[in-house]
């Protein structure tokens, strides 16, 4: 009798106290997120529609677009460019590692993972010294005769910024995609090979289509990360145009202007909007309903 | 034989390219950290030495070397990271246990709360917390920075902890319960020891995330709370050597973590992605 009832309780179906136990366990974390995340999230939207006297107004959006319209486009451009290139590179790299069993492929695999956990502040400092006009990259290229010593490559702009994002995000997508590829059984590949399929076809028609949802999530998360990152553009982009995240910091630290900063923040929400909602819906659905 | 050779050459070229792209920026840091004089356009510095390292580690004080001891910032960083990690795990372990083992009412809504900070930019959040923190006397204090770090780290703690608990088969707990062990005892004696490796990964991940946090500290902590990333930022404009030393100090834990947990780290830890 007793053992039967407790087995039911373990599954959380028991009545009374047990029903509220999970909520009680979740309370501290949920309360923290509500106060420290949801409240300021709502505040940022309210503030963006508020004028100096506290009335409802679009003046912050007008200012944001007229002063920083170009930077909003710049942020979108960097995010698309960075996401696109790092995705293509990652898909190629992950497919190669999955299909090859040479020692070199294993080495390339370990090498490609090296940067995954490096924080953006370290990556930013690295890029700042590596990509500088007199930095190591230009030094090497100049000594190989590929760059004119008197006019080294200027990389503290969209090119250097994109390179920094690629450096950090490509290992991340590769890791996620490769984990997906490794679940696929070898027999699919062998079967395709035995009927004469070329490697290119195996990758594009069999392997990658099988893990489309995984790829989608990796792409979405990368896009959101690039749009949200403040550290890298703040530390390596010189002058204009720059990203919206840098504009937000300027607005706050130089002008103490939280309203226009919030309007810019809402633009960031809108840029990631569709992708973020896709990620949230899919992940929640998978966790709750299992598909 | 021909195609095999071509393949090996291609693989070799890929390896070299990857090696250059990955280690180029890293070696730039290493070289700068030991460069005393390095004139353009020489490939290597004219004079190298450990002067900046010694000064940063407090082993010498020389007015000619533009570096200060990093121990103060290191202490602040450690204090913030240790307290933040302890508080995050105190909240994340019960939350992860509930999500992994119970039918939670409003589960979709609760999951949404834990996923939103990853999907949407957090910078507007920090900016909008700043006036509130100023009013509460938390801006520019260590306590304020700890709160911000908890916010940044909590979702990772909850995800990794949930998936660590989920990885343990439920039958063992059911067996313990069926012979009369209480819920608390079952959790403490059966589940926790089995899930310990996963919880350790979670703890270390949270700790490193806090140690290297930049954006939140920038808005809430500056100019009064100097963690290592803030010290790196403030020296990065004018002092390549000193900034490189700090960057290497911050790079070491992340690299070590990568090497140590290669085998146990799973994709869902990084995106809250199931499977």
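Chains as they are written, first to last, in the numbering used here: chain W, 794 to 1084; chain E, 188 to 462. Cβ coordinates follow ideal geometry from the N, Cα and C atoms, glycine included.
{"Query": "Whole angstroms are fine: how far does the CA of residue 905(W) sit from the CA of residue 820(W)?", "Result": "39 Å"}
{"Query": "Is it buried or exposed, residue 813(W), if we count other Cβ atoms within 10 angstroms and call 16 or more buried?", "Result": "exposed"}
{"Query": "Determine the direct distance from the alpha carbon of residue 1061(W) to that of residue 233(E), and round the result to whole angstroms.", "Result": "46 Å"}
{"Query": "List the residues of chain E whose Cβ lies closer than 9 Å to the Cβ of residue 912(W), in chain order.", "Result": "395, 396, 398, 399, 400, 401, 416, 437, 438 and 441"}
{"Query": "In chain order, what residues of the same chain have a beta carbon less than 6 Å from the beta carbon of residue 301(E), not counting five sequence neighbours either side?", "Result": "342 and 345"}
{"Query": "For residue 1023(W) and residue 436(E), I'd like the C-alpha separation in whole angstroms.", "Result": "21 Å"}
{"Query": "Quick one: does residue 1073(W) have its CB under 8 Å from some CB of chain E?", "Result": "yes"}
{"Query": "For a quick check, are the C-beta atoms of residue 267(E) and residue 397(E) less than 8 Å apart?", "Result": "yes"}
{"Query": "By Cβ distance, which residues of its chain are closer than 8 Å to residue 956(W), with the 5 residues on each side in sequence left out?", "Result": "920, 924 and 948"}
{"Query": "DSSP has residue 1035(W) in a bridge; who is on the other side?", "Result": "Bridge partners of residue 1035(W): none, in fact."}
{"Query": "Could you check which residue in 1072(W), 1038(W) and 976(W) has the C-alpha nearest to that of residue 305(E)?", "Result": "1072(W)"}
{"Query": "Given 8 Å as the limit, is there contact between the segment 190-202 of chain E and the segment 1038-1046 of chain W, that is, 3 or more CB pairs closer than that?", "Result": "no"}
{"Query": "How far does the beta strand (DSSP E) with residue 224(E) in it extend, from its first residue to its last?", "Result": "222-224"}
{"Query": "Sorted by chain position, which residues of the same chain lie with C-beta nearer than 7 Å to residue 1003(W)'s C-beta, five sequence neighbours on each side aside?", "Result": "977"}
{"Query": "According to DSSP, which residues form a beta bridge with residue 843(W)?", "Result": "849(W)"}
{"Query": "Output the distance between the C-alpha atoms of residue 966(W) and residue 205(E), rounded to the nearest integer angstrom.", "Result": "16 Å"}
{"Query": "Of the residues 935(W), 1049(W), 842(W) and 1030(W), which one's Cα is nearest the Cα of residue 867(W)?", "Result": "1030(W)"}
{"Query": "Please classify residue 853(W): is it buried, with 16 or more other beta-carbons within 10 angstroms of its beta-carbon, or exposed?", "Result": "buried"}
{"Query": "So, at 8 Å on beta carbons, what are the nonlocal neighbours of residue 918(W) in its own chain, with the 5 sequence-adjacent residues on each side left out?", "Result": "1028"}
{"Query": "How long is the line joining the alpha carbons of residue 926(W) and residue 946(W), rounded to whole angstroms?", "Result": "6 Å"}
{"Query": "Between residue 215(E) and residue 415(E), is the Cβ-Cβ spacing less than 8 Å?", "Result": "no"}
{"Query": "Which word fits residue 1080(W), buried or exposed, when buried means at least 16 other C-beta atoms lie within 10 angstroms of its C-beta?", "Result": "buried"}
{"Query": "Would you tell me roughly how many angstroms separate the C-alpha atoms of residue 1049(W) and residue 303(E), rounded to the nearest one?", "Result": "27 Å"}
{"Query": "Determine which residues of the segment 1057-1068 of chain W have a Cβ less than 7 Å from any Cβ of chain E, and write them out in chain order.", "Result": "1058, 1061, 1062 and 1065"}
{"Query": "According to DSSP, simplified to helix, strand and coil, what is residue 1004(W)?", "Result": "coil"}
{"Query": "Residues in the same chain with beta-carbon distance under 7 Å from residue 953(W), minus the five sequence neighbours each way, listed in chain order, please.", "Result": "920, 924 and 1029"}
{"Query": "With a threshold of 8 Å between beta carbons, is residue 932(W) in contact with chain E?", "Result": "yes"}
{"Query": "Keeping to the same chain, check which residues put their C-beta closer than 8 Å to that of residue 902(W); ignore five residues upstream and five downstream.", "Result": "890 and 971"}
{"Query": "Looking at C-alpha atoms only, which residue of 454(E), 444(E), 456(E) and 439(E) is the closest neighbour of residue 915(W)?", "Result": "439(E)"}
{"Query": "For a cutoff of 8 Å on Cβ pairs, would you count residue 380(E) as touching chain W?", "Result": "no"}
{"Query": "Going by DSSP, which residues form a beta bridge with residue 234(E)?", "Result": "224(E)"}
{"Query": "Quick check: does the Cβ of residue 1055(W) come within less than 7 Å of any heavy atom belonging to the ligand COA?", "Result": "As presented, the structure is devoid of all ligands, the ligand COA included, so that no description of it is given."}
{"Query": "Thinking C-alpha only, which one of 962(W), 969(W) and 1000(W) is nearest residue 911(W)?", "Result": "962(W)"}
{"Query": "Compare the C-beta of residue 1076(W) with all C-beta atoms of chain E and state if any pair is closer than 8 Å.", "Result": "yes"}
{"Query": "Express the C-alpha separation of residue 261(E) and residue 252(E) in angstroms, rounding to a whole number.", "Result": "20 Å"}
{"Query": "Give me the Cα-Cα distance between residue 367(E) and residue 336(E), rounded to the nearest whole angstrom.", "Result": "41 Å"}
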